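For reference, the structure is listed below as structure tokens.
2 protein chains.
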Amino acid sequence: MSLEHIMLGMLRRPASGYDLRKQFEEGPRHFWAARLSQIYPTLQRMERSRWLTSTTTPSPRGPQRRVYRRTAEGTRVLRRWLAGGAEVGAERLAWVGQLIFFGELRDPRRTLRFLRELRRTFASGLDLLESAEHHLRRVDRRSPARWDHDAFHEFLCIRMGVRVRRARLRACDEAIALTSSRLRRGRDET
Amino acid sequence: MSLEHIMLGMLRRPASGYDLRKQFEEGPRHFWAARLSQIYPTLQRMERSRWLTSTTTPSPRGPQRRVYRRTAEGTRVLRRWLAGGAEVGAERLAWVGQLIFFGELRDPRRTLRFLRELRRTFASGLDLLESAEHHLRRVDRRSPARWDHDAFHEFLCIRMGVRVRRARLRACDEAIALTSSRLRRGRDET
DNA sequence: ATGACCATGTAATCCGTTACATGATTCG
DNA sequence: CGAATCATGTAACGGATTACATGGTCAT
Chain W
12 MSLEHIMLGM
22 LRRPASGYDL
32 RKQFEEGPRH
42 FWAARLSQIY
52 PTLQRMERSR
62 WLTSTTTPSP
72 RGPQRRVYRR
82 TAEGTRVLRR
92 WLAGGAEVGA
102 ERLAWVGQLI
112 FFGELRDPRR
122 TLRFLRELRR
132 TFASGLDLLE
142 SAEHHLRRVD
152 RRSPARWDHD
162 AFHEFLCIRM
172 GVRVRRARLR
182 ACDEAIALTS
192 SRLRRGRDET
Chain E
12 MSLEHIMLGM
22 LRRPASGYDL
32 RKQFEEGPRH
42 FWAARLSQIY
52 PTLQRMERSR
62 WLTSTTTPSP
72 RGPQRRVYRR
82 TAEGTRVLRR
92 WLAGGAEVGA
102 ERLAWVGQLI
112 FFGELRDPRR
122 TLRFLRELRR
132 TFASGLDLLE
142 SAEHHLRRVD
152 RRSPARWDHD
162 AFHEFLCIRM
172 GVRVRRARLR
182 ACDEAIALTS
192 SRLRRGRDET
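Residue numbers (the numbering used here), protein chains in the order written: chain W, 12 to 201; chain E, 12 to 201.
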């Protein structure tokens with residue numbers, strides 16, 4: 012299961028389930044989503060597998076915190092996952108299906124409305140990543156190739172995300188332009 | 012559930028579960044995957060919901076075929092889905108997590124090996140889509156904006172896929188270049 | 001006091017995969 | 001004779017979401 016491996020990677024430093032949720036909302040949010048109701052049972056399972064150990068500590072505010080630590084075995088599992096090659100799963104892009112089936116409606120205006128909404132959705136995702144990139148670049152103005160390992164790898168991920176999301180926006184723009192010209196043509200002929 | 016809506020869209024013409032599997036392997040393969048063991052129960056559920064009706068007909072070779080047809084209610088459900096706006100679900104990109112966690116290994120050569128494998132994986136997905144685009148363009152050499160509705164919408168989907176996949180390749184290339192320069196620098200300083 | 005945040009969990013349900021089960025026809 | 005393709009399904013399991021349940025602290 013990928014989620015377990017991702018959580019192993021995030022547990023480089025000890026953390027509670029609640030801490031991990033925050034991490035999912037900050038960094039991985041852009042490539043992986045997980046709710047608390049999934050995080051807690053997963054941590055328990057990983058502890059049973061001896062990839063983690065946990066201790067409870069009082070919290071300054073609120074109830075006791077259960078803090079998890081990666082074991083040597085957990086680290087080995089993580090490294091094996093990384094050495095096992097890139098995990099590229101099947102995509103599930105419902106919006107592509109929607110776009111195809113708009114063909115059946117035979118109304119370019121609806122296709123156009125759909126594409127414009129899609130573009131807005133994609134644009135808001137891009138903003139977040141671009142500001143993350145700018146933030147990293149401002150912290151250290153040298154070439155990213157000179158940064159420390161962690162910052163460098165974070166940069167690679169953000170940078171790849173930015174490129175893909177920009178391409179999605181341009182793809183929307185092209186589709187919108189094509190559909191508009193189709194709409195104009197349709198009106199001319201009617 | 013998106014799968015049900017996608018299957019509604021595919022059932023513009025009557026088809027059996029076995030036929031749908033073939034459709035999934037041709038077009039939607041690039042954006043949605045479904046196995047027979049998921050397709051059959053889903054068709055049964057949709058029939059119970061009265062989105063489909065089925066009849067059995069003998070097959071020229073092999074056992075009886077159960078052919079499903081969309082009902083008026085099914086068509087209404089599909090249109091409501093399309094009118095309900097773009098469905099952009101949370102992404103689950105395990106490879107991005109892997110790339111981040113390579114930071115912990117502190118060895119650019121392993122990062123580089125990973126990125127090169129990733130590039131190969133992405134490249135093979137692009138080939139399929141590009142040949143699909145060329146095929147469509149060869150069938151009708153006018154601007155796609157002049158094609159019939161179905162061909163036009165299929166083109167839009169393929170075209171968007173091509174753009175995004177090309178961006179992924181370029182993103183890999185950039186990451187490989189950055190990591191290589193980092194590797195050279197590391198060797199110089201050692 | 002009300003709402004936001006801290007903090008942990010369980011239960012029911014649904015979606016998807018893997019494995020199992022069956023049997024006919026056609027081509028080499 | 002064996003493999004591929006046609007054709008339909010069930011069962012067990014695992015992964016993910018939604019809803020449920022609890023209760024303390026802090027700021028307004």
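Glycine included, every Cβ here is placed at the ideal spot set by N, Cα and C. Everything numeric in this text was worked out from a predicted model, so none of it was measured.
Beta-bridge partners assigned by DSSP to R80(E): T64(E). Taking the beta carbon of D161(W) as reference, the chain E residues within 7 Å of it are G114, listed in sequence order.
Within the region 102-161 of chain E, the complete alpha helix (DSSP H) runs of at least 4 residues fall at 105-112, 119-150.
DSSP places S27(E) within a strand segment (E or B) once states are collapsed to three. The residue among F163(E), E37(E), A45(E) with its C-alpha nearest the C-alpha of E15(E) is A45(E). The DSSP-derived three-state label of A97(W) is coil.
Counting other Cβ atoms within 10 Å of its Cβ, T122(W) reaches 16 or more and is therefore classed as buried.
The Cβ atoms of M171(W) and A182(E) lie closer than 8 Å to each other. Secondary structure note for S13(E): its alpha helix (DSSP H) is the uninterrupted segment 13-21. Exclusion of the five residues before and after L22(W) leaves L31, L63, Y79, R80, R81, G85 as the residues of its chain whose Cβ lies within less than 8 Å of its Cβ. Rounded to whole angstroms, V99(W) and L180(E) show a C-alpha spacing of 14 Å. For R23(E), the chain W residues whose C-beta falls within less than 7 Å of its own C-beta are E115, listed in chain order. In the structure shown, the three-state DSSP call for P74(W) is coil. Taking CB atoms only, L189(E) has a neighbour in chain W less than 8 Å away.
Counting only Cβ-Cβ distances below 9 Å, P155(E) has contacts in chain W at L189, R193, in chain order. Residues R76 of the same chain have their beta carbon placed closer than 8 Å to that of S70(W), with the five preceding and five following residues left out of the count.
Secondary structure note for R56(E): its alpha helix (DSSP H) is the uninterrupted segment 47-59. Counting every other CB atom within 10 Å of its CB across the protein chains shown gives T68(W) a total below 16, marking it as exposed. Neighbours of T132(W) in chain E, taken as residues at a C-beta separation under 7 Å, are given in chain order as A97, V99. Inter-residue distance for A26(W) and R148(E) is about 54 Å (C-alpha atoms, whole angstroms). Taken through DSSP and simplified to helix, strand or coil, G197(E) comes out as helix. Between the region 111-119 of chain E and the region 138-148 of chain E, the count of Cβ pairs shorter than 8 Å is below three; the stretches do not touch. For the C-beta of R61(W), not a single chain E residue is nearer than 9 Å; the gap to the nearest is close to 20 Å. In the three-state reduction of the DSSP assignment, P69(E) falls in the coil class. In terms of CA proximity to G73(E), Y29(E) leads the group Y29(E), Q55(E), G96(E).
Straight-line measurement puts the Cα of E36(W) at about 27 Å from the Cα of T190(E). With fewer than 16 other beta carbons inside 10 angstroms of its own, V150(E) counts as exposed. Here DSSP, grouped into helix, strand and coil, assigns F35(E) to helix.
With respect to F125(W), A105(E) sits apart: the two C-beta atoms are not nearer than 8 Å.
Going by C-alpha positions, R157(E) is about 13 Å away from L167(E). Nearest CB-CB separation between F125(E) and chain W: below the 8 Å threshold. Among the residues facing chain E, S48(W) is not included, as its CB has no counterpart in that chain under 8 Å away. C-alpha of L137(W) to C-alpha of T66(E): approximately 48 Å in a straight line.
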